[in-house]
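Residues -26 to -1, 1 to 380 in mature numbering (1 follows the signal peptide of the UniProt record, and there is no 0) are what the sequence shown lists, from first letter to last.
Ideal Cβ placement from N, Cα and C applies to all residues, glycine included.
Keep in mind it's a predicted model, so treat the numbers as computed, not measured.
Report on the following structure.
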Amino acid sequence: MKTKVKCSHMAAVIAAMTLVASQAQADISNGVIKIGVMNDQSGPYADNCGAGSTASVKMAVDDHGGAINGMPVEIVVADDQNKPDIGVAQALKWIEQEGVDVIVGCSASSIALAVQDVMNTHEKPYLIAGTATSDTTNAKCTPYGTNWAYDTYTLAKGSVMAQLAQGLDEWYFITVDYTFGKQWQEDATKFIEENGGKVVGSILHPLGTNDFSSQLLQAQASGAKVIGIANAGADLANVLKQAREFGIADAGQVLAPLGMQVNNVHGIGLETMQGLVASAPAYWDQSDEARAFSERWSAQMGDRKPNESQTVTYSAVNHYLKAVEATGSDAGPDVMASMREMPVDDVFTQATIREDGVVLRDMLQVQVKTPAESEYPWDYYKVIGNLPAADIWRPLSESECPLVKN
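In structure tokens:
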């Protein structure tokens, strides 16, 4: 009799465990959590994101044991080639044919806005970790898009205010000719004019420009105190290197990139970049925990350190996986609700997700070291201040996001 009772009890336990496992699998579409990594893998922004962002995603997955509630996590990667039509086609293929549950993106602004629309239509999370347009969380915000790094507003404010504090109030802009660059210049102009400065002129250049001699000559001729540079990636490297060859800084004009990342400093060199000030969401060398993370990252990427976009990519995916674990589901609405409810807390990010999708984080104010100050490989930044989230991000009172209740 006792044997029968024990067997019945064991059968009930097994049945219950089977039910729980079946329920967990039922709540995870296709029995797998699939993460799509989309960015420039081969063009002018590849060094900013590319394989390094993929390495950060892998680390986040590894830190969760490669599975959530017993369901495996898979990663797929695509090169958007800096073309919106390719980015959209890939996103649709992933979602409609391959069962991708979330995309973490570090794409050009035009691609990010288009992909965010796709993700919104299909109710899938879109984790933006390196795209700078503020439209993703402002006029064109969606319930499924979150911005983990920075935007044109935060970067412009950090750079402009640092220069204005030194009396550098006359600006000329060299700007990349698409949404991102124009918006960046617009945001910077707002801060300049609101604080008593003026913009004396500007010139556009195509994405992927190799020769900036025409733009630099016009910037020199303007007589502006500051030459604001509203571009990124290989374009930023090219314009700064050529500005040094032209002797612009030696002649008294200040070069002010509206944004930069630590890999840009590595590629361009301290001789050219020394003294430049910027705002950064994170820095690989900011703490013991950050350095330990970066050592693990370097094991995948060789003699490199993660830049700002690559560090926050880890934060984005880590938080997403925590939300899947908490809800037991990879359904977009459930996961997004959990992501917004839970505080973001990891080695690089302590924040909350605002209703417009902004990951409301403090920013670091950094200055590029001189060659004499740099003591070891990739020792490029001095952290000279902290920029509180409430001061550096666009206030909700100015938001055009339809999700914000004014």
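For residue -3, which residues from the same chain have a beta carbon less than 8 Å from its beta carbon, with the 5 sequence-adjacent residues on both sides left out?
-> Position 24 of the sequence shown holds residue -3. Confidence in residue -3 is poor, its pLDDT being 43 and thus under 50, which makes the residue's placement unreliable; the coordinate value appears in the next sentence. So the list reads 43, 44, 45 and 302, once near-sequence residues are dropped.
Residue -2 in three-state terms, based on DSSP = In the sequence shown, counting from the first residue as 1, residue -2 sits at position 25. The pLDDT assigned to residue -2 is 47, lower than 50, so where the model puts this residue is not dependable, and the model offers no usable value.
According to DSSP, which residues form a beta bridge with residue 325?
-> Along the sequence shown, one-based indexing puts residue 325 at 351. 318.
If you draw a straight line from the C-alpha of residue 202 to the C-alpha of residue 1, how long is it?
-> In the sequence shown, counting from the first residue as 1, residue 202 sits at position 228. In the sequence shown, counting from the first residue as 1, residue 1 sits at position 27. Going by the C-alpha atoms only, they are around 50 Å apart.
Beta-carbon proximity list for residue 186, same chain, < 8 Å, skipping 5 on both sides = The residue labelled residue 186 in the question sits at position 212 within the sequence shown. Around residue 186: 148, 179, 212, 213, 216 and 217.
Within this structure, are the beta carbons of residue 445 and residue 291 separated by less than 8 Å?
-> One cannot answer for residue 445 here, as it falls past the ends of the chain, which runs -26 to 380.
When the Cα atoms are used, what is the spatial distance from residue 64 to residue 278?
-> Sequence index remark: in the sequence shown, residue 64 carries index 90 (1-based). Sequence index remark: in the sequence shown, residue 278 carries index 304 (1-based). Going by the C-alpha atoms only, they are around 29 Å apart.
For residue 126, three-class secondary structure by DSSP = Position 152 of the sequence shown, counted from the first residue, corresponds to residue 126. Reduced to three states, the DSSP call for residue 126 is helix.
Cβ pair residue 83, residue 107 closer than 8 Å | Taking the first residue of the sequence shown as 1, we reach residue 83 at position 109. Taking the first residue of the sequence shown as 1, we reach residue 107 at position 133. Closer than 8 Å, so yes.
Which whole runs of the alpha helix (DSSP H) in the segment 140 to 225 are 4 residues long or more, in chain order?
-> 153 to 168, 187 to 196 and 207 to 220
List the endpoints of the continuous beta strand (DSSP E) containing residue 339.
-> Counting from one through the sequence shown, the residue named residue 339 turns up at place 365. Residue 339 -> beta strand (DSSP E) spans 337 to 342.
Check residue 261 in the structure and name its three-state DSSP category.
-> Here residue 261 is taken as the residue at index 287 of the sequence shown, counted from 1. Residue state, collapsed to three classes: coil.
Where do the ends of the beta strand (DSSP E) carrying residue 350 lie?
-> Looking up residue 350 in the sequence shown gives position 376. Element bounds for residue 350: n/a, residue is neither H nor E.
If I'm right that residue 93 touches residue 52 with Cβ under 8 Å, what's the distance once you round it to whole angstroms?
-> Along the sequence shown, one-based indexing puts residue 93 at 119. Along the sequence shown, one-based indexing puts residue 52 at 78. In fact, because the Cβ distance is near 14 Å, the residues do not count as touching under 8 Å.
State the start and end residues of the unbroken alpha helix (DSSP H) segment that holds residue 229.
-> As a working mapping, residue 229 is identified with position 255 in the sequence shown. Note, residue 229: premise wrong, no alpha helix (DSSP H); beta strand (DSSP E) at 228 to 231.
Quickly, what does DSSP pair residue 253 with across the bridge? List them, please.
-> Position 279 of the sequence shown, counting from 1, holds the residue named residue 253. DSSP lists 339 as partners of residue 253.
Could you tell me which residues DSSP puts in a beta bridge with residue 80?
-> Start at 1 with the first residue of the sequence shown, and residue 80 comes out as number 106. DSSP, once it has assigned bridges, lists 13 as partnering residue 80.
For residue 361, which residues does DSSP report across the bridge?
-> For this step, residue 361 is matched to residue 387 along the sequence shown. For residue 361, the beta-bridge partners assigned by DSSP are 337.
Using a Cβ-Cβ cut-off of 8 Å (strictly less than) and excluding sequence neighbours within five positions of residue 275, which residues of its own chain qualify?
-> Here residue 275 refers to the residue found at position 301 when the sequence shown is read from its first residue. Closer than 8 Å at Cβ, skipping near neighbours: 25, 26 and 29.
How about residue 373 and residue 330: do their beta carbons lie closer than 8 Å?
-> Against the sequence shown, residue 373 aligns to sequence position 399. Against the sequence shown, residue 330 aligns to sequence position 356. Yes, they are a contact pair.
State the start and end residues of the unbroken beta strand (DSSP E) segment that holds residue 119.
-> As a first step, residue 119 is located in the sequence shown; it is residue number 145 there, counting from the start. Start and end: 119 to 121.
Do three or more CB pairs link the segment 310 to 317 to the segment 354 to 367 at distances below 8 Å?
-> no
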